Amino acid sequence: MPTCHEVAQLVASGALASSGWRQRMTVRLHVVMCVHCRRYVAQLRRMGDAVRDLGRGSPEDSLSAARVMDRLRAQWKGGAQ
Amino acid sequence: MTRETAARVAGIQRRDPEILEEVARECLPGLLRAARAAGLSAVDAEDAVQTTFLTFLRRAEDFDGRSRCSTWLYGILVRKMSELRRSTAREEAADQIDEVISARFEPDGRWARPPASPAAELGQEEVRRLLGECLEGVPDRQRLAYTLLEVDGLSREELCNVLEVSPNNLGVILYRARNRLRECLEARGFRGSADADMS
Numbered sequence: 001m002p003t004c005h006e007v008a009q010l011v012a013s014g015a016l017a018s019s020g021w022r023q024r025m026t027v028r029l030h031v032v033m034c035v036h037c038r039r040y041v042a043q044l045r046r047m048g049d050a051v052r053d054l055g056r057g058s059p060e061d062s063l064s065a066a067r068v069m070d071r072l073r074a075q076w077k078g079g080a081q
Numbered sequence: 082m083t084r085e086t087a088a089r090v091a092g093i094q095r096r097d098p099e100i101l102e103e104v105a106r107e108c109l110p111g112l113l114r115a116a117r118a119a120g121l122s123a124v125d126a127e128d129a130v131q132t133t134f135l136t137f138l139r140r141a142e143d144f145d146g147r148s149r150c151s152t153w154l155y156g157i158l159v160r161k162m163s164e165l166r167r168s169t170a171r172e173e174a175a176d177q178i179d180e181v182i183s184a185r186f187e188p189d190g191r192w193a194r195p196p197a198s199p200a201a202e203l204g205q206e207e208v209r210r211l212l213g214e215c216l217e218g219v220p221d222r223q224r225l226a227y228t229l230l231e232v233d234g235l236s237r238e239e240l241c242n243v244l245e246v247s248p249n250n251l252g253v254i255l256y257r258a259r260n261r262l263r264e265c266l267e268a269r270g271f272r273g274s275a276d277a278d279m280s
């Protein structure tokens with residue numbers, strides 16, 4: 001069974017995703033039984049959700065993309081090679 | 082999708098304006114977000130992304146479709162932001178956050194200072210604000226890797242190619258990014274929910 005520190009390392013580094021089923025299983029078991037690790041994993045997940053939500057973009061981001069698009073169109077219509 | 086269709090590859094290689102427009106429309110938001118995540122101002126990000134596209138165009142005939150063109154574009158962008166490349170060598174070096182994380186655990190690997198227990202949940206707007214603040218405190222390269230993974234959905238393999246790092250090195254970058262962000266958010270009252278499944 002991995003320790004809490006090892007669970008945190010495997011989860012936060014993303015190494016768990018590419019590890020074998022046996023390791024994934026022992027980590028899962030640990031997390032089921034350990035309230036602190038469960039909380040840690042939940043916080044990382046919630047953080048990821050929040051970053052995605054934040055990254056969906058603001059009106060300024062759309063304007064920024066539109067400006068670059070206009071400049072690019074001018075370039076490839078002008079036959080940029 | 083990890084590969085491009087033959088029609089799209091051919092269109093890119095002959096610089097078909099319609100295909101280029103389609104690629105640009107798909108990739109611009111992510112590229113701009115990545116440039117901003119890497120610490121560029123809005124104006125510099127627009128310039129860097131434009132230059133990235135022009136480089137992509139110049140080398141269009143070399144594009145073989147074995148990876149997504151977005152991955153190719155992210156790679157060009159990251160190489161353009163040379164200050165990020167210069168920091169590559171420092172990635173293995175000590176980072177203050179390592180000590181902060183270690184202090185959270187006992188020598189036997191159990192939590193010494195476990196994550197704070199759930200209190201009143203913060204509203205979505207509040208979380209967005211705190212996250213914006215805390216992201217600023219994450220070093221550029223860590224923020225870029227974390228954003229490309231979580232927001233743009235790059236695979237670990239794609240991330241290693243784009244950032245030109247080994248899988249182990251990527252693990253170190255993500256571990257530091259996530260923990261630094263979590264520590265900052267926790268200190269500001271973010272708790273997340275108490276339960277998680279590992280699916």
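Protein chains in written order, with the working numbering: chain Z, 1 to 81; chain W, 82 to 280. A virtual CB, placed ideally from N, CA and C, is assigned to each residue, including glycine. In this text, all values refer to a predicted model and were calculated from it rather than measured experimentally.
Would you mind working out which of W/A174, W/L230, W/S198, W/V104 sits nearest Z/A12, comparing C-alpha positions? Position 12 of the first sequence, counted from the start, is the residue given in the question as residue 12 of chain Z. With distances taken between Cα atoms, Z/A12 lies closest to W/L230.
Taking 8 angstroms as the threshold (beta carbon to beta carbon), is Z/A74 in contact with chain W? Position 74 of the first sequence holds residue 74 of chain Z. Answer no: the Cβ-Cβ gap between Z/A74 and chain W never drops below 8 angstroms.
Between W/D278 and Z/M25, what straight-line distance do the alpha-carbon atoms span, to the nearest angstrom? By one-based count along the second sequence, residue 278 of chain W stands at place 197. By one-based count along the first sequence, residue 25 of chain Z stands at place 25. Reliability of the predicted coordinates at W/D278 is poor, the pLDDT of 45 falling under 50, and no value is obtained from them.
Per DSSP, what are the beta-bridge partners of W/W192 in this structure? As a working note, residue 192 of chain W is residue 111 in the second sequence. W/W192 pairs with W/F186.
So which residues of chain W does Z/G20 contact, with C-beta pairs closer than 9 angstroms? Here the question's residue 20 of chain Z lines up with position 20 in the first sequence. Near Z/G20 there are no residues of chain W at all, since even the closest Cβ is about 14 angstroms away, more than 9 angstroms.
Could you tell me whether the Cβ of W/F144 comes closer than 8 angstroms to any Cβ of chain Z? The count along the second sequence starts at 1 and reaches residue 144 of chain W at position 63. Chain Z, which has no Cβ nearer than 8 angstroms to the Cβ of W/F144, makes this no.
Reduced DSSP secondary structure (H/G/I, E/B, other) of W/F134: As a position in the second sequence, residue 134 of chain W is number 53, starting the count at 1. Three-state result, W/F134: helix.
Presumed contact (8 angstroms Cβ cut-off) between Z/L10 and W/R259, rounded CB distance: Position 10 of the first sequence holds residue 10 of chain Z. Position 178 of the second sequence holds residue 259 of chain W. Not confirmed; about 12 angstroms, so no contact.
Using Cβ-Cβ distances below 9 angstroms, what residues of the region 180–209 of chain W are close to chain Z? I182, S183, R185, F186, E187, D189, G190, R191, W192, P195, P196, A197, S198, P199, Q205, V208, R209
Write down the C-beta distance between W/L203 and W/G270 rounded to the nearest angstrom, noting that I regard them as a contact closer than 8 angstroms. In the second sequence, counting from the first residue as 1, residue 203 of chain W sits at position 122. In the second sequence, counting from the first residue as 1, residue 270 of chain W sits at position 189. So it is a contact: roughly 6 angstroms between Cβ atoms.
Run the CB neighbour count on W/M162, radius 10 Å, all protein chains shown included, and call it buried at 16 or more, exposed below. What you label residue 162 of chain W is simply residue 81 of the second sequence in a count that begins at 1. Looking at its Cβ environment, which holds 16 or more other Cβ atoms inside 10 Å, W/M162 is buried.
Distance, Z/G55 Cα to W/V219 Cα: Translated into the one-based positions of the second sequence, residue 219 of chain W becomes position 138. Translated into the one-based positions of the first sequence, residue 55 of chain Z becomes position 55. Cα-Cα distance, rounded: 16 angstroms.
Out of W/V90, W/E217, W/E206, which one is the CA nearest neighbour of W/D143? Here the question's residue 143 of chain W lines up with position 62 in the second sequence. Answer by Cα proximity: W/V90.
If you follow the alpha helix (DSSP H) that W/D145 is part of, which residue opens it and which one closes it? Numbered from 1 along the second sequence, position 64 holds the residue referred to as residue 145 of chain W. It is not in any alpha helix (DSSP H) - W/D145 carries neither H nor E in the DSSP assignment.
Chain Z contacts made by the region 99–114 of chain W, where a contact means CB separation under 8 angstroms: L101, E102, A105, R106, L109, P110, L113, R114
In angstroms with no decimal places, state the Cα-to-Cα distance between Z/V68 and W/E127. Sequence index remark: in the first sequence, residue 68 of chain Z carries index 68 (1-based). Sequence index remark: in the second sequence, residue 127 of chain W carries index 46 (1-based). Answer to the nearest angstrom: the Cα atoms are 6 angstroms apart.
How is the alpha helix (DSSP H) around W/L203 delimited, first residue to last? Here residue 203 of chain W corresponds to residue number 122 of the second sequence, with the count starting at 1. Unbroken run through W/L203: none, as it is neither H nor E.
Chain W contact for Z/S58 (CB, 8 angstroms cutoff): Stepping through the first sequence from its first residue, residue 58 of chain Z is reached at position 58. So, not an interface residue.
How many whole angstroms separate the CB atoms of Z/A65 and W/G252, which I take to be in contact at a CB cut-off of 8 angstroms? Taking the first residue of the first sequence as 1, we reach residue 65 of chain Z at position 65. Taking the first residue of the second sequence as 1, we reach residue 252 of chain W at position 171. Between W/G252 and Z/A65 the Cβ distance is about 32 angstroms, and since that is not below 8 angstroms, they are no contact.
Whose Cβ in chain W lies nearer than 7 angstroms to the Cβ of Z/Q9? The residue labelled residue 9 of chain Z in the question sits at position 9 within the first sequence. Correct list: Y256.
C-beta atoms of W/L225 and W/A118 nearer than 8 angstroms: The residue you call residue 225 of chain W lines up with position 144 of the second sequence. The residue you call residue 118 of chain W lines up with position 37 of the second sequence. Taking C-beta atoms as the reference points, W/L225 and W/A118 count as a pair closer than 8 angstroms.
Beta-carbon of Z/M33 versus every beta-carbon of chain W: anything under 8 angstroms? As a working mapping, residue 33 of chain Z is identified with position 33 in the first sequence. Not an interface residue.
Quick one: does W/Q131 have its CB under 8 angstroms from some CB of chain Z? In the second sequence, residue 131 of chain W corresponds to position 50, counting from 1. At a cut-off of 8 angstroms between beta carbons, W/Q131 contacts chain Z.
Mind listing the chain Z neighbours of W/N260? Cutoff is C-beta to C-beta under 7 angstroms, in chain order. Position 179 of the second sequence holds residue 260 of chain W. By Cβ distance, chain Z contributes A12.
Would you mind working out which of Z/H36, Z/E60, Z/D53, Z/S19 sits nearest W/A193, comparing C-alpha positions? Position 112 of the second sequence, counted from the start, is the residue given in the question as residue 193 of chain W. The shortest C-alpha separation from W/A193 is found at Z/H36.
In this structure, does DSSP put W/E264 in helix, strand or coil? Position 183 of the second sequence, counted from the first residue, corresponds to residue 264 of chain W. Residue state, collapsed to three classes: helix.
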